[in-house]
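A.B. asks: Per our numbering, residue 192 is the first one in the sequence shown, and the count goes up by one each step. Glycine residues also receive a C-beta, built at the ideal position from the N, C-alpha and C atoms.
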Amino acid sequence: MDIEQWNQVVREWIDKTAQQLRQLPIEQIYVAVGVLVLTFVFFLLISLFKRSKSDTIVLAGLSGSGKTVLFYQLRDGSAHQGTVTSMDPNEGNFVLHSESSKKGKIKPVRVVDVPGHSRLRPKLDEYLPQAAGLIFVVDALDFLPNCRAAAEYLYEILTKATVVKKKVPVIIVCNKTDKVTAHTKEFIRKQLEKEIDKLRASRTAISAADMSTEYALGVAGETFTFSQCHNKVSVGESSGITGDISQVEQFIREHVRP
Numbered sequence: 192m193d194i195e196q197w198n199q200v201v202r203e204w205i206d207k208t209a210q211q212l213r214q215l216p217i218e219q220i221y222v223a224v225g226v227l228v229l230t231f232v233f234f235l236l237i238s239l240f241k242r243s244k245s246d247t248i249v250l251a252g253l254s255g256s257g258k259t260v261l262f263y264q265l266r267d268g269s270a271h272q273g274t275v276t277s278m279d280p281n282e283g284n285f286v287l288h289s290e291s292s293k294k295g296k297i298k299p300v301r302v303v304d305v306p307g308h309s310r311l312r313p314k315l316d317e318y319l320p321q322a323a324g325l326i327f328v329v330d331a332l333d334f335l336p337n338c339r340a341a342a343e344y345l346y347e348i349l350t351k352a353t354v355v356k357k358k359v360p361v362i363i364v365c366n367k368t369d370k371v372t373a374h375t376k377e378f379i380r381k382q383l384e385k386e387i388d389k390l391r392a393s394r395t396a397i398s399a400a401d402m403s404t405e406y407a408l409g410v411a412g413e414t415f416t417f418s419q420c421h422n423k424v425s426v427g428e429s430s431g432i433t434g435d436i437s438q439v440e441q442f443i444r445e446h447v448r449p
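1) Rounded to whole angstroms, what's the CA-CA distance from CYS338 to LEU383? Just pull it up for me.
2) Mind checking which residues open and close the alpha helix (DSSP H) that includes THR247?
3) Determine, using beta carbons only, whether LEU311 and VAL354 come nearer to each other than 8 Å.
4) Ends of the beta strand (DSSP E) at ASP304?
5) Return the CA-CA distance between LEU408 and LEU253, expressed in angstroms with no decimal places.
6) Where does the unbroken beta strand (DSSP E) through ILE326 begin, and where does it stop?
7) DSSP beta-bridge partners for PHE285?
8) Can you name the residues that DSSP bridges to SER425?
9) Run through DSSP, which three-state label would ASP316 get?
10) With a cut-off of 8 Å on the beta carbons, I'd call ILE436 and GLN264 a contact; round off their distance for me.
11) Does DSSP classify ASP206 as helix, strand or coil?
12) Taking its Cβ as the centre, do 16 or more other Cβ atoms sit within 10 Å of SER292, making it buried, or is it exposed?
13) Does the beta-carbon of GLU428 have 16 or more other beta-carbons within 10 angstroms, so that it is buried, or is it exposed?
14) State the beta-bridge partners of ASP435 as determined by DSSP.
15) PRO216 to ASN198, Cα distance in whole Å?
16) So, at 6 Å on beta carbons, what are the nonlocal neighbours of GLU282 in its own chain, with the 5 sequence-adjacent residues on each side left out?
17) Closer than 8 Å by C-beta to THR372: which residues in its own chain qualify, once you throw out the five before and the five after it? Chain order, please.
18) What does a CB cutoff of less than 6 Å around GLN321 pick up in its chain, not counting 5 residues either side in sequence?
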């Protein structure tokens, strides 16, 4: 069938449809148009919702905790030993290495490794608005000397307006647990809760003006636990060097569906 014949078929179909519409009561035409408009709006909203759902996972924590090693394990399946402490965010959009051999379409994840140096932490605020989840990495081997600093950084994150309003899920990943002398995740969780409880008490003396970007943490009059947070906070384990990062990958896929 050539183009001219197709044009003729289309014209006949249009004429026939127009004739049928003229025979219908005007009320039925209005109803039909209304249904079409509502259907269009419905599918448009679904499309916008799917498009707006975040695919960004943020890695945060103190310098030396192993964030960058985890980033490379997620991307390449390699520890990249010898990598120096990052001074700029490592950022990539990729399919998790453990899923690279799977068949079918796998949704890539945008992973951002934010430097842990105190002067560079403000960069975190650039990525939190897009975060589907945050991985806070703690050095389980050298935890006690850094417990206070880690708790302060975590407190700062958990009281940020963006994290509270969006209820950004957080997992505290106790890294380097392959080492015999590493602390357990239960011990680390309890110590962080104790330190944050102390921070809560001291922050009550800060003026309302200084706390304009913070939200209160925990329940007044009760000892702090992570279960009191506005968002979900869980604790997991990993070993960036050996590649045991299954709990990290599980957290990512809970919040960025494949």
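C.D. replies: According to the structure data:
1) The residue you call residue 338 lines up with position 147 of the sequence shown. The residue you call residue 383 lines up with position 192 of the sequence shown. Straight-line Cα distance between these residues: approximately 7 Å.
2) Reading the sequence shown from its first residue, position 56 is the one you call residue 247. Taken as a continuous stretch (DSSP letters only), THR247 belongs to no alpha helix (DSSP H), being part of the beta strand (DSSP E) at 247-252.
3) Position 120 of the sequence shown holds residue 311. Position 163 of the sequence shown holds residue 354. No, these two residues do not count as a Cβ contact at 8 Å.
4) Here residue 304 is taken as the residue at index 113 of the sequence shown, counted from 1. 300-304 is the extent of the beta strand (DSSP E) around ASP304.
5) For this step, residue 408 is matched to residue 217 along the sequence shown. For this step, residue 253 is matched to residue 62 along the sequence shown. Approximately 21 Å between the Cα atoms of the pair.
6) Indexing the sequence shown from 1 puts residue 326 at position 135. Looking at the DSSP string, the run of the beta strand (DSSP E) that includes ILE326 is 322-330.
7) Stepping through the sequence shown from its first residue, residue 285 is reached at position 94. VAL300, per the DSSP bridge assignment.
8) On the sequence shown, residue 425 is found 234 positions in, with the first residue counted as 1. Note: SER425 sits in a beta bridge opposite ILE362.
9) Residue mapping note: residue 316 aligns to position 125 of the sequence shown, counting from 1. Note: ASP316 maps to helix in three-state DSSP.
10) The residue you call residue 436 lines up with position 245 of the sequence shown. The residue you call residue 264 lines up with position 73 of the sequence shown. Right, their Cβ atoms sit about 5 Å apart.
11) Within the sequence shown, the letter at position 15 stands for residue 206. In the structure shown, ASP206 sits in a helix (DSSP, three-state: H, G or I).
12) As a position in the sequence shown, residue 292 is number 101, starting the count at 1. With fewer than 16 other Cβ atoms within 10 Å, it is exposed.
13) Position 237 of the sequence shown holds residue 428. Result: buried.
14) Sequence index remark: in the sequence shown, residue 435 carries index 244 (1-based). Answer is SER430.
15) Indexing the sequence shown from 1 puts residue 216 at position 25. Indexing the sequence shown from 1 puts residue 198 at position 7. So the alpha carbons of these two residues sit roughly 29 Å apart.
16) For this step, residue 282 is matched to residue 91 along the sequence shown. Contacts found: VAL303.
17) Position 181 of the sequence shown holds residue 372. These residues qualify, in order along the chain: LEU332.
18) The residue labelled residue 321 in the question sits at position 130 within the sequence shown. The answer, listed in chain order, is SER245 and THR247.
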